[in-house]
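So the sequences go chain by chain: A and B. With the working numbering, letter number 431 in the first sequence gets 445, and the count goes up by one each step, no holes. With the working numbering, letter number 472 in the second sequence gets 486, and the count goes up by one each step, no holes. Don't be surprised by glycine CBs; every beta carbon is placed ideally from N, CA and C. See below for the structure under consideration.
Protein chains: 2
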Amino acid sequence: MRTMSRKIYLEMNPPTEEDPRPDTQRIRDALGEPVRFSLSVLRQLAVVLPDAAWKITATLGYDGAGWEVIRLEKGNTTAEHYAVAVDLGSTTVCMRLVNMQSGSVVASESRFNRQIAYGEDILNRVFYCRNHPEHLEEVRQATLESFREVMDALTDRTGIPAEAFSAMVVSGNTTMIHLFLGLDPFAVFASPYAPHACDFDFYSGSSLGLDIPGYVYCVPCRANYLGGDILSGLIATGLAEREEISVFLDIGTNGELVVGNRHFLLAGAGAAGPALEGGSVSTGMRAKTGAVSKVTMEDGKLRLHVIGDTKPEGLCGSGIVDLLSVLFLGGILDRMGKFRDGAWDYVEQDGQRGVCYGEGLVLWQSDVDAFLRTKAAANTMVDYILEYAGIPMDQVDRFYVSGAFGTHLDKESAVSIGLYPDLPRDRIVNAGNSSLEGAQKLLMNMDRISDIQRYLSAMEYIQFGAVTDFVSRMTAALAIPHTDLERYPSVKGKITS
Amino acid sequence: MRTMSRKIYLEMNPPTEEDPRPDTQRIRDALGEPVRFSLSVLRQLAVVLPDAAWKITATLGYDGAGWEVIRLEKGNTTAEHYAVAVDLGSTTVCMRLVNMQSGSVVASESRFNRQIAYGEDILNRVFYCRNHPEHLEEVRQATLESFREVMDALTDRTGIPAEAFSAMVVSGNTTMIHLFLGLDPFAVFASPYAPHACDFDFYSGSSLGLDIPGYVYCVPCRANYLGGDILSGLIATGLAEREEISVFLDIGTNGELVVGNRHFLLAGAGAAGPALEGGSVSTGMRAKTGAVSKVTMEDGKLRLHVIGDTKPEGLCGSGIVDLLSVLFLGGILDRMGKFRDGAWDYVEQDGQRGVCYGEGLVLWQSDVDAFLRTKAAANTMVDYILEYAGIPMDQVDRFYVSGAFGTHLDKESAVSIGLYPDLPRDRIVNAGNSSLEGAQKLLMNMDRISDIQRYLSAMEYIQFGAVTDFVSRMTAALAIPHTDLERYPSVKGKITS
């Protein structure tokens, strides 16, 4: 496997009057291959080589066309070879420090994306930047600041300094990569939805403002709403290499979806609404300390699991799905998602009912309605794309759920409310942060870049926003688990009333 | 001919929902070739493309491996295509702004190299930088400041801004390129004379600290004392492409020499002493206002030509050679370079004679001795290398003299004192600033880079410092024109006494 950076130990003879080859030529000859030299390495030669008695380890970074010597160290340090995989999410920047020799993860760290200061909603950030290059630069700097924070955390955790980060792969959606590189992302959201760039060259860390010696590769995007995070997810799951058909679903602010196998790839994307991240539920919150992440019903009472075991402060996505599921299966919510008369000791306000699930915390009817619209959107995307491809649900061998949201969601609850299809549970696979996982795989095997290029060429893309009967299909999917109950045999059996 | 930058006019259709290709892909498709995009171009796409209604001119710069879009302009600007050739001399930085469409020179400018503040003698600059990275950076910045001065002068002269300088070729000796790139040049001067780098990658202007969009290529060096200025001279003269044998001589602080044709190349270098630039002559000075640049004798009186037609302040190189020649041919200097008794109305001081050639300006016996050592060194280099190659002088078809010094030297005077060999005068060719000329040729035809690589591989290199009988040969060459007068038949006939 061709890793995206290499470390090679070289034992050379010092120059003599008989052999006065320049340092760079001596290193090239020892490597046995043509390489470029970064300016900072050129400037170190005079000191490092004599100090190391011409026994050095050269780190080579791939610049998109060839190899560049990006670092020199005294002695043999080939065992200490590291690079960084990044998932640049609109909410969170997650990184893994990867041991490039073994492929193992040395440490993982994440921080909230400092772009949030310019808007929780990504559209606010986009409008802030629009036609204001100085604002765009502010947001880019905020992004870099988050990168630095996470990199510092990796260093604090491991003692491995940023100068040892010999390559970086960044996976993110089209907007995130635009902002990271300093491109105005407005075009991503406005007709005709032509991004400024969807595939990216290798840029040196320093040119991007990152204090690492190596090059940065951003995973290419397919379209405005179908970003590198999804392509990276295909690498992570291997979906596009298998004979069996899989579905890959990433639901966050947007819903992104890929159906396919080694022979075909069909992708779609559309707005799913921020409900799944707790956004449109009045007491929704991110999955952090104080968030209710799990809900069960025992003896007619709600039992909550709160992150950090503290007093509950609100519901994160998995808590909402669990709560809706127990309320539905417990007969409190009917199939249309309405609170049944007399089924609970409701609180009421402004003419609507609500279920108090914690001190001062109420799930209102309007919250349920909003969330069901999101789940209907996700359900309809899967439904539509499978129908478009002519694939019955039972031919789906694996149903990957990706993203931080999917990681914490209870499969059973998600099927019960009709967010996931009613597949045998072992076919529903939590792909975790597949964007990050794919970035890590790319670091370890550069040849997979050509796989991505192949996927991009093969992939057909559907903008759900342009599908005319999408809204009527969504309406049918608003019911719990779905208007067509035959699609949910396992749920049908559980419905108590 | 493949120029080192290209400008291409593209008429594209704006994106539509049916054709939402990203801007970068749209440009690649229109170009019909794969290209990289500089970050600054990526960041301009959102503004430039709509403003230009997708009718743009792309400037492509060569980065050493492929083409990068380095600039976008509205409309068709292919007729305005410029690049810069640079001769980075230890004394002077000379540039030509080249029209890349026609190959013609739009303007030339030069300024003294600000490195001079760190020592007139290049060795002082080298010692200042040695083991002091912060001093090295100071000297690098001084070099860049000179670049900026000359570039500003080109802009002032032509109205063409630096952002239109789409490529740059820099030709200089090994030390100058080390300092330009920020490499400690001490190794160039100290045994075992192994430079840190002799061939150079293409570096972006911005990475070097120059505010130009394009890439910078430094002409490779052959060895410590045989720099890119000489290789560039070979490109300029075409010496290594012809069947006939030529000699190429560049005499400044050092003497560099190439003998050869399309079948062989033999090069040598050694210290020539700064005498030729006026350095070791007590009233010597650079060729600027006040310098005596030409001397004749009429009716037993010296007649001076002074640069700027002012009062004489000293002798520049061509003035020294002329003065020595008229004193020798006039019988004042004998063949051993000593002032003959009673041949002139000498001034005397500290037991040595001198010829007063202007008010308060004296050429002392010690000045003559110093200069003759330099001319002997230059003469011996040519003599030695031809003998080494087994080539009699009469087989030399062209004798190129390069450098600012050679440009102003009177051929007849230079032969008379034995600085040049006694060849038919039409074989002695003033190659002018061949370092700059070669840089210009490389801009216009990138394929000549591979010619340079071929020359470098073919070239045998002699360090004159390592030639054991060099000093005894030099002693024979101290005489005017030479101890062996048969080598100078044309001078023999002129000797009056």
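Alpha helix (DSSP H) segment containing residue i, residue limits
i: B/THR541; result: Chain B is shown from 15 up to 511; residue 541 of chain B falls before or after that span and cannot be answered.
i: A/HIS210; result: Premise fails: A/HIS210 is in no alpha helix (DSSP H) and is neither H nor E.
i: B/THR106; result: First-last for B/THR106: 106 to 113, but that is the beta strand (DSSP E), not the alpha helix (DSSP H).
i: A/LEU168; result: 147 to 172
i: B/VAL62; result: 53 to 65
i: A/LYS389; result: 379 to 403
i: A/ILE41; result: 37 to 45
i: A/MET488; result: 484 to 490
i: A/ALA493; result: From DSSP, A/ALA493 is part of no alpha helix (DSSP H); its letter is neither H nor E.
i: B/ALA176; result: It is not in any alpha helix (DSSP H) - B/ALA176 carries neither H nor E in the DSSP assignment.
Per-residue contacts from residue i into chain B (C-beta, under 8 Å)
i: A/TYR555; result: Absent from the structure is residue 555 of chain A, since the part of chain A shown begins at 15 and ends at 511.
i: A/ALA491; result: Simply none; closest approach about 26 Å.
i: A/ARG50; result: GLY78 and ASP215
Three-state secondary structure assigned by DSSP to residue i
i: A/ASP408; result: helix
i: A/ASN7; result: A query on residue 7 of chain A cannot be resolved here, the shown segment of chain A reaching from 15 to 511 and no further.
i: B/GLY507; result: coil
i: A/TYR229; result: strand
i: B/SER19; result: strand
i: A/HIS319; result: strand
i: B/THR310; result: strand
i: B/THR30; result: coil
i: B/LEU224; result: coil
i: A/ALA453; result: helix
i: A/ALA283; result: strand
i: A/ALA289; result: Per-residue confidence for A/ALA289 stands at a pLDDT of 47, beneath the threshold of 50, marking its modelled position as unreliable; the derived number appears in the next sentence. Helix.
i: B/GLY196; result: coil
i: A/SER373; result: One detail in the question is off: residue 373 of chain A reads as Glu in this sequence, not Ser. DSSP places A/GLU373 in coil when its eight states are reduced to three.
i: A/TYR142; result: helix
i: B/PHE203; result: helix
i: A/SER416; result: strand
i: B/GLY432; result: coil
i: B/GLY219; result: helix
i: B/SER464; result: helix
Partner residues on chain A for residue i, Cβ-Cβ distance less than 7 Å
i: B/ARG35; result: ALA208
Start and end residues, beta strand (DSSP E) containing residue i
i: B/SER124; result: 119 to 126
i: A/GLU362; result: 361 to 363
i: A/GLY186; result: 179 to 186
i: A/VAL340; result: Careful: A/VAL340 lies outside any beta strand (DSSP E), inside the alpha helix (DSSP H) at 331 to 343.
i: A/VAL83; result: 81 to 88
i: B/GLN477; result: 473 to 477
i: B/TYR96; result: 96 to 102
Cross-chain neighbours of residue i in chain B, by beta carbon under 7 Å
i: A/SER205; result: GLU31
i: A/GLN39; result: CYS212
i: A/ALA201; result: ALA60
i: A/ARG57; result: GLY196 and LEU197
i: A/SER221; result: LEU53
Spatial distance of residue i from residue j (CA atoms)
i: B/ARG50; j: A/ASP336; result: 48 Å
i: B/GLU94; j: A/ALA204; result: 35 Å
i: A/GLY46; j: B/PRO503; result: 54 Å
i: A/ARG412; j: B/ALA67; result: 46 Å
i: B/VAL320; j: B/GLU426; result: 19 Å
i: B/MET15; j: B/PHE216; result: 19 Å
i: B/PHE126; j: B/HIS146; result: 24 Å
i: B/TYR414; j: B/ARG387; result: 21 Å
i: A/LEU197; j: B/VAL61; result: 10 Å
i: A/LYS389; j: A/ALA445; result: 19 Å
i: A/ARG317; j: A/GLY333; result: 11 Å
i: A/TYR23; j: A/SER116; result: 17 Å
i: A/GLY284; j: A/THR189; result: 14 Å
i: B/THR71; j: B/LYS88; result: 6 Å
Within chain A, the residues that residue i reaches when beta carbons sit closer than 8 Å
i: B/GLY80; result: ALA79
Within the stretch 242 to 269 of chain A, note down every full beta strand (DSSP E) run reaching 3 residues or more, in order along the chain.
As far as the stretch 242 to 269 of chain A is concerned, its whole beta strand (DSSP E) runs of at least 3 residues are 259 to 265.
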